[in-house]
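Participant:
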Amino acid sequence: MPNERPSVVWLRDDLRLADNPALDAAVARGGPVVVVYLLDEVSRGIRPLGGAVKWWLHHSLASLGADIAARGGTLTLRRGDAATEIARIVAETDAAAVFWNRRYGRARDIDAALKSSLREAGVEAQSFRANLLFEPWTVTTQEGNPYRVFTQFWKTCLEQGVARDPLDAPDSIRPFDVRSDDLGDWGLLPTKPDWAGGLREHCRPGEDNAHERLEGFVDEVLESYNRRDEPGFEATSGLSPHLRFGEISPLQIWHRLHGALGAGAKANAAGFLREVGWREFNWNILYHFPELHERNYRSAFDAFPWADTPEWEIDAWRHGTTGVPLVDAGMRELWETGTMHNRVRMVTASFLIKNLLVDWRVGEAWFWDTLVDADEANNPANWQWVAGSGADAAPYFRVFNPVLQAQKFDKHGRYIRRWVPELEAGEYPLEPIVDLAQSRRDALAAYDTMKASTS
């Protein structure tokens with residue numbers, strides 16, 4: 001006889017049916033399954049979601065709910081403090097087990113405490129690796145310390161290898177009747193004003209769309225991946241928001257890319273997987289340094305003399321009106337689509353940090369609110385990389401010149417003309433808000449001041 005007391009599957013950033021170990025364990029246990037997504041923005045250490053992420057989340061949950069319903073189950077939605085709500089669901093359903101996939105930031109403390117309390121109450125509680133290829137405590141130096149340099153980190157990962165194949169989605173999910181919030185009542189979509197028109201045009205959330213995107217990348221784009229630094233050329237995967245929400249797992253991507261190695265794309269596949277490895281590295285950093293979006297990873301930068309930059313200059317950066325075409329193109333792409341080409345992300349971040357001398361946390365907060373792929377590891381880690389304050393960071397004196405970057409990577413102006421159509425009429429009507437050469441000298445002088453104060 002199957003177990004009739006239900007299992008609870010607690011979803012977070014793993015909004016998929018395939019290769020979902022927590023869901024797989026619940027279905028394998030037998031009996032009904034309560035699949036619950038809990039929106040927790042109130043527990044201690046939890047960072048409230050940005051606006052663009054909330055938009056994607058709404059549509060991802062709608063897609064997941066339909067996928068679960070097609071297999072006979074239901075998606076339960078709850079909102080509130082995780083410890084309280086999960087305990088309430090267990091009590092309401094008389095659940096015998098709770099399964100979830102592990103988190104690696106501050107939220108792991110919430111999960112550990114909940115696991116202990118559930119087990120003390122006689123409820124089975126298990127967590128699984130699902131959203132990383134390599135868990136942070138498994139990739140360390142010979143001395144047992146976390147890696148600070150990506151190359152050595154990734155070398156160790158590759159030497160370990162990936163152990164298992166992706167799991168199949170369940171054929172069916174037995175439902176269990178339990179109270180659920182209405183997704184529309186959560187207010188995740190913007191209304192006054194509705195600024196999401198561009199997101200609706202450019203974004204396609206959901207597990208099926210994630211795999212369609214992966215297949216399109218492997219079949220049509222991978223052979224050109226060596227041109228990924230050219231923002232006007234389609235040479236990137238577009239998978240980052242799907243990974244952020246766990247609509248696809250890194251393990252699924254890993255195996256699909258390895259399956260493509262015989263298609264004459266071995267070097268490009270390895271290069272793409274190296275970018276997946278950079279994501280792993282950032283999560284490893286967050287695990288060991290959970291204050292990543294609040295504090296400099298390298299404490300010497302606590303003494304950096306940021307300028308008292310006028311708010312209008314920061315707003316010009318936010319809205320793509322700096323008078324520097326590549327910077328403006330990137331910031332307008334971000335506002336319109338919820339994403340930005342990676343090369344241009346580095347250029348726009350460098351402009352804010354080094355040409356305007358604005359604390360990297362200001363830019364990180366803007367990206368947190370406007371990127372559909374903003375997560376708690378990659379967003380701050382990449383900002384700190386540009387700032388020079390992070391792990392394996394670019395040296396501070398590396399200041400991206402947006403004019404030279406455009407000449408090198410967008411030499412035909414395809415990307416800039418798309419997002420800054422004013423240039424089609426001739427001269428760009430906006431004057432640069434800052435002199436690039438002088439501001440570079442000012443940035444290097446500020447860095448020298450920091451070094452002198454910490455030496």
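Residue numbers (the UniProt record's numbering): 1 to 455.
Backbone N, C-alpha and C define an ideal beta-carbon position, used for all residues, glycine too.
Nothing here was measured: the structure is a model prediction, and the numbers come from that model.
1. Residues in its own chain within less than 6 angstroms of Trp368 by CB, not counting five upstream and five downstream?
2. What separation, rounded to the nearest whole angstrom, lies between the Cα atoms of Leu57 and Phe245?
3. State the Cα-Cα distance for the pair Gly277 and Val221, rounded to the nearest angstrom.
4. Using the beta-carbon count (16 or more within 10 Å), is Lys411 buried or exposed?
5. Check each candidate in Val362, Ala70, Phe128 and Asn355 and name the one with the smallest Cα separation from Ala26.
6. Counting pairs of beta carbons, one from the region 33-45 and one from the region 83-95, are three or more of them closer than 8 angstroms?
7. Any contact between the region 295-308 and the region 447-455? By contact I mean 3 or more CB pairs, one from each, below 8 angstroms.
8. Measuring only the C-alpha atoms, how far is Cys157 from Trp383?
9. Bridge partners of Thr76, per DSSP?
10. For Val420, count the other beta carbons within 10 Å of its own beta carbon; 16 or more makes it buried, fewer makes it exposed. Which is it?
11. Which parts of the region 60-119 are runs of the beta strand (DSSP E), unbroken and 3 residues or longer, counting only runs that do not cross its ends?
12. Take the Cβ of Asp67 as the centre, count every other Cβ of all protein chains shown within 10 Å, and call the residue buried at 16 or more, exposed below.
13. Going by DSSP, which residues form a beta bridge with residue 487?
14. Count the CB pairs spanning the region 306-325 and the region 277-291 that are closer than 8 angstroms, and state whether there are at least three.
15. What distance in whole Å lies between the Cβ atoms of Val218 and Thr93, which are believed to be in contact at a cut-off of 8 angstroms?
16. According to the Cβ coordinates, are Tyr447 and Tyr396 closer than 7 angstroms?
17. Between which two residues does the beta strand (DSSP E) holding Glu124 run?
18. If we count Cβ pairs, one from each stretch, closer than 8 angstroms, do we get three or more for the region 134-141 versus the region 107-119?
19. Within its chain, find whatever has a CB closer than 6 angstroms to the CB of Asp182; leave out the 5 residues flanking it on each side and keep chain order.
20. Relative to the C-alpha of Thr337, which residue among Ser43, Ser249, Arg418 and Arg106 is closest?
21. Can you tell which of Arg345, Glu422, His319 and Glu207 has the C-alpha that lies nearest to the C-alpha of Ile433?
22. Quick one: residues in its chain with C-beta nearer than 7 angstroms to the C-beta of Glu422, no 5 flanking neighbours on either side, listed in chain order?
23. Write down the C-beta distance between Leu371 and Val344 rounded to the nearest angstrom, noting that I regard them as a contact closer than 8 angstroms.
24. Below 7 angstroms between beta carbons: does that hold for Phe281 and Phe150?
25. Need the endpoints of the alpha helix (DSSP H) that Asp250 sits in, please.
26. In three-state DSSP terms, what is Phe409?
27. Using the three-state DSSP reduction, which class does Val403 fall into: helix, strand or coil?
28. How would you write the range of the alpha helix (DSSP H) that residue 458 sits in, first residue to last?
29. For residue 456, name the three-state secondary structure that DSSP assigns.
30. Closest to Lys354 by C-alpha separation, out of Ala381, Asn101, Lys54 and Asn401, would be which residue?
31. Counting only C-beta atoms, is Phe245 closer than 7 angstroms to chain B at any point?
32. Considering Asp229, what are the terminal residues of the alpha helix (DSSP H) in which it resides?
33. Name the residue from Pro170, Ser172 and Thr141 whose alpha carbon lies nearest to the alpha carbon of Gln160.
34. Along the chain, where does the alpha helix (DSSP H) containing Tyr287 start, and where does it finish?
35. If you compare alpha carbons, which of Tyr104, Ala52 and Ala329 is closest to Ile285?
Facilitator: Reading from the atomic positions:
1. Gly50, Ala374 and Asn379
2. 8 angstroms
3. 20 angstroms
4. exposed
5. Phe128
6. yes
7. yes
8. 24 angstroms
9. Val36
10. buried
11. 75-79 and 97-101
12. buried
13. Limits of the chain in this structure are 1 at one end and 455 at the other, which puts residue 487 out of reach.
14. no
15. Not confirmed; about 41 angstroms, so no contact.
16. yes
17. Glu124 to Phe128
18. no
19. none
20. Arg418
21. His319
22. Tyr428 and Pro429
23. With a Cβ gap of about 13 angstroms, Leu371 and Val344 do not count as contacting.
24. yes
25. Note that residue 250 corresponds to Pro in the displayed sequence, not to Asp. Counting along the chain, the alpha helix (DSSP H) containing Pro250 begins and ends at Pro250 to Gly259.
26. helix
27. helix
28. One cannot answer for residue 458 here, as it falls past the ends of the chain, which runs 1 to 455.
29. For the chain, the structure presents residues 1 to 455; residue 456 sits outside this window and is missing.
30. Asn401
31. Chain labels in this structure do not include chain B; a single protein chain is all it has.
32. Neither: Asp229 is in no alpha helix (DSSP H) and is coded neither H nor E.
33. Thr141
34. Lys266 to His288
35. Tyr104
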